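Worksheet for the structure shown next.
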Amino acid sequence: MQILLEADCLIQALKNMSESVILNLCRQKRCHGWVASTSIPIILEEEGVSAKDFQSVLQDLAVLTPTAHDINQALQSEKVFAKDLAVRLVEKSGLDAVVTLFPENFSNLKIDAMSPEQLRERLDSRPSPVSEVRLLDITASYHQILNKVEKEMAETIRSGHFILGPKVSQLEERIAEYCQSKYAVGVSSGTDALLIALMALGIGPGDEVITSPYTFFATAGSIIRSGAKPIFVDINDVTFNIKPEHIERCITSNTKAIIPVHLYGQCSDMDPILKVSEKNSLAIIEDAAQAIGSSYKGKPAGSIGDMGCFSFFPAKNLGGFGDGGLVTTNSKELYEQLKIIRVHGSEPKYYHNVMGGNFRLDALQADVLIAKLSFLEGWTNKRRENAQRYHQLFKDSALTPFIQLPPEVFSGHVYNQYVIRVENRRDELRMFLNSKRIGCEIYYPIPLHLQDCFKSLGYKNGDLPESEKAAKVTLALPISHEVDQAQQEYVVKTIQQFFLG
Ligand SMILES: Cc1ncc(COP(=O)(O)O)c(C=O)c1O
Numbered sequence: 014m015q016i017l018l019e020a021d022c023l024i025q026a027l028k029n030m031s032e033s034v035i036l037n038l039c040r041q042k043r044c045h046g047w048v049a050s051t052s053i054p055i056i057l058e059e060e061g062v063s064a065k066d067f068q069s070v071l072q073d074l075a076v077l078t079p080t081a082h083d084i085n086q087a088l089q090s091e092k093v094f095a096k097d098l099a100v101r102l103v104e105k106s107g108l109d110a111v112v113t114l115f116p117e118n119f120s121n122l123k124i125d126a127m128s129p130e131q132l133r134e135r136l137d138s139r140p141s142p143v144s145e146v147r148l149l150d151i152t153a154s155y156h157q158i159l160n161k162v163e164k165e166m167a168e169t170i171r172s173g174h175f176i177l178g179p180k181v182s183q184l185e186e187r188i189a190e191y192c193q194s195k196y197a198v199g200v201s202s203g204t205d206a207l208l209i210a211l212m213a214l215g216i217g218p219g220d221e222v223i224t225s226p227y228t229f230f231a232t233a234g235s236i237i238r239s240g241a242k243p244i245f246v247d248i249n250d251v252t253f254n255i256k257p258e259h260i261e262r263c264i265t266s267n268t269k270a271i272i273p274v275h276l277y278g279q280c281s282d283m284d285p286i287l288k289v290s291e292k293n294s295l296a297i298i299e300d301a302a303q304a305i306g307s308s309y310k311g312k313p314a315g316s317i318g319d320m321g322c323f324s325f326f327p328a329k330n331l332g333g334f335g336d337g338g339l340v341t342t343n344s345k346e347l348y349e350q351l352k353i354i355r356v357h358g359s360e361p362k363y364y365h366n367v368m369g370g371n372f373r374l375d376a377l378q379a380d381v382l383i384a385k386l387s388f389l390e391g392w393t394n395k396r397r398e399n400a401q402r403y404h405q406l407f408k409d410s411a412l413t414p415f416i417q418l419p420p421e422v423f424s425g426h427v428y429n430q431y432v433i434r435v436e437n438r439r440d441e442l443r444m445f446l447n448s449k450r451i452g453c454e455i456y457y458p459i460p461l462h463l464q465d466c467f468k469s470l471g472y473k474n475g476d477l478p479e480s481e482k483a484a485k486v487t488l489a490l491p492i493s494h495e496v497d498q499a500q501q502e503y504v505v506k507t508i509q510q511f512f513l514g
């Protein structure tokens, strides 16, 4: 539960910290407590409350800052200012209740109000049955991250340095270190990361780039945008990643690069890909958009090929508050080239020797990512735990004859998605899960070689059978770090109900 703590209740808590019901519930993470920043002066002015004690309770609470608009609206209200503001904050921020010593003051208002004891009773009573599991609930982590994000963003807003600048450099350094790469270049999106990587290699019209047809559109879309031609190679029937054994026979004198995609958070089998690329002098661009933090035989995604491309789309394991991306590389030469292409090919300023574009990353996105990066490892571990729990629950529920679980072929999977194969009745199952308010998604219903916009490439149905089959049977289930055991049990039980009645 997400709750707003009224000043009265926090004052009481601070006067008897060890005995405080509300503080204990927040410390034990049984609820997420927020305090409005406007209550803080009121709390600190109270006799017997020390700033030091308040600071220590803030370790378990998050501060919610009303906007000037919220304050203006509350000032215009006929209700008491503090009460109106509390109602507004609970409603607008999607909190569940306000906790106060005087819940009766909130009667007849649209929000739930309760005393600390009533909250404890609510949390102690039988846990309410799960009624919804979202595929992704981005706001669920706000209690953990928002104050850190606000700190970073406030620095940027106060500095006025919105494009690239010190925050983007800081992010680049931290991600390069995280991915064990020498360099990183922040860019405007994962799609642009792929395009700029191709441009840095000088790939263009007449060139061919080998990739997987079973991926998000951007992988092949970027190849076309560079002027080159995508050559699709079918996937491994277990991992959903490009099958290295098929690559060599697709290489021609025009082939310049391979883009293996680390789909769903699991690395492609890189050793044979490296071998074939060395033998044929091809560059490797890892599409690691879904795979930050994953590894292949101990090497982080993005550090294995010539360049690694990451996406910070909000649904990714490390997602921004908008679009963003990044390219990693160990090559100084490519690094310098990427930086020039990112700013319209300008070096020095207003002198353009190469073609570039506006591929810059906003400092405000870097702020969000810097703040979130310190949580990434913990969140990834939670995704892995969730995957293990699904594995066990599916096995215990006798569902494995109906669905195939995603295998972890190389340790280091980061489960951006947990994708099962459902050979029969996949679309029916999806509808059934949606009807039970369980989010699930088909990534991807049409492999890229069969997309209308790629018709001119000349592929037809049957050319890449494993990709075509995957498109018919895959289904992604909720796996993010916010998903808890009860929700996973609900998902598995619902699938059991579908297949076994
Ligand atoms: C495999 C893959 N490649 C590339 C991209 C493109 O990233 P973005 O959405 O940040 O442009 C995505 C993102 O959805 C992706 O999943």
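For the sequence shown, counting from 1, position 90 maps to 103 in this note's numbering; every step adds exactly one. Here a beta-carbon is modelled for each residue, glycine too, at the ideal position from N, C-alpha and C. Quick caveat: nothing in here was measured; it's all calculated off a predicted structure.
Worksheet entry | Start and end residues, beta strand (DSSP E) containing Cys22 | From DSSP, Cys22 is part of no beta strand (DSSP E) but of the alpha helix (DSSP H) over Ala20 to Lys28.
Item to complete: Go ahead and label Gln15 buried or exposed: buried means 16 or more other beta carbons lie within 10 angstroms of its beta carbon, across all protein chains shown.
Response: buried
Item to complete: For Gln498, count neighbouring Cβ atoms within 10 angstroms of its own Cβ and tell me buried if that reaches 16, exposed if not.
Response: exposed
Item to complete: Mind the definition here: the segment 404-420 touches the segment 452-466 only if three or more C-beta pairs lie below 8 Å; say whether that holds.
Response: no
Worksheet entry | Stretch-stretch touch, CB-based, cutoff 8 Å, three pairs: the segment 355-363 with the segment 179-197 | no
Discussion item. Is it the case that the segment 135-154 contacts the segment 51-66, given that we only count it when at least three CB pairs across the two stretches are under 8 Å?
Written reply: no
Item to complete: Would you mind reading off the limits of the alpha helix (DSSP H) that contains Ser235?
Response: Phe230 to Ser239
Discussion item. My output table needs one value for Gln193: the three-state DSSP class, helix, strand or coil.
Written reply: coil
Item to complete: For Tyr155, name the three-state secondary structure that DSSP assigns.
Response: helix
Worksheet item: ligand 1 heavy atoms versus the CB of Val274: any closer than 8 Å?
Response: yes
Practice prompt. In the DSSP assignment, find the alpha helix (DSSP H) that holds Ala213 and state where it starts and stops.
Written response: Gly203 to Ala213
Worksheet item: Is there at least one Cβ from chain B nearer than 9 Å to Ala411's Cβ?
Response: The structure shown contains no chain B, having only a single protein chain.
Fill in: Phe334 beta carbon near ligand 1 (any heavy atom closer than 8 Å)
no
Discussion item. Here's the rule I'm using: 16 or more other beta-carbon atoms within 10 Å means buried, otherwise exposed. How should Gln401 be labelled?
Written reply: exposed
Worksheet item: Can the beta-carbon of His494 be found less than 9 Å from the beta-carbon of Gly391?
Response: yes
Worksheet item: Which residues in the same chain as Arg450 place their Cβ atom closer than 8 Å to its Cβ, once the five residues preceding and following it in sequence are excluded?
Response: Ser144, Glu145 and Val146
Worksheet entry | Own chain partners of Gly333 with C-beta closer than 6 Å, once the 5 adjacent residues on each side are dropped | Phe325, Gln378, Val381 and Leu382
Worksheet item: Quick one: is Val200 buried, meaning 16 or more other Cβ sit within 10 Å of its Cβ, or exposed?
Response: buried
Practice prompt. Classify Arg262 as buried or exposed, calling it buried when 16 or more other Cβ atoms lie within 10 Å of its own Cβ.
Written response: exposed
Practice prompt. Could you spell out the range, first to last residue, of the alpha helix (DSSP H) harbouring Met444?
Written response: Arg439 to Ser448
Discussion item. Can you look up Lys164 in the DSSP assignment and give me helix, strand or coil?
Written reply: helix
Worksheet item: By Cβ distance below 8 Å, which residues in the same chain neighbour Thr152 in space, the five residues on each side in sequence not counted?
Response: Gly107
Worksheet item: Could you give the distance in angstroms between the alpha-carbon of Ser31 and the alpha-carbon of Asn37?
Response: 8 Å
Discussion item. Taking 8 Å as the cut-off, is the C-beta of Phe407 nearer than that to any heavy atom in ligand 3?
Written reply: For the structure depicted, ligand 3 is absent and the ligand set comprises only ligand 1.
Worksheet item: To which residues of the same chain is Cys22 closer than 7 Å at the C-beta, ignoring the five residues directly before and after it?
Response: Ile35, Val112, Thr113, Leu114 and Pro129
Practice prompt. Check whether the Cβ of Ser307 lies closer than 8 Å to any heavy atom of ligand 1, and answer yes or no.
Written response: no
Discussion item. I'd like the span of the alpha helix (DSSP H) that includes Met14, first residue to last.
Written reply: Looking at the DSSP string, Met14 is not in any alpha helix (DSSP H), and its letter there is neither H nor E.
Worksheet entry | Pair within 9 Å by beta-carbon distance, Tyr309 and Ala483 | no
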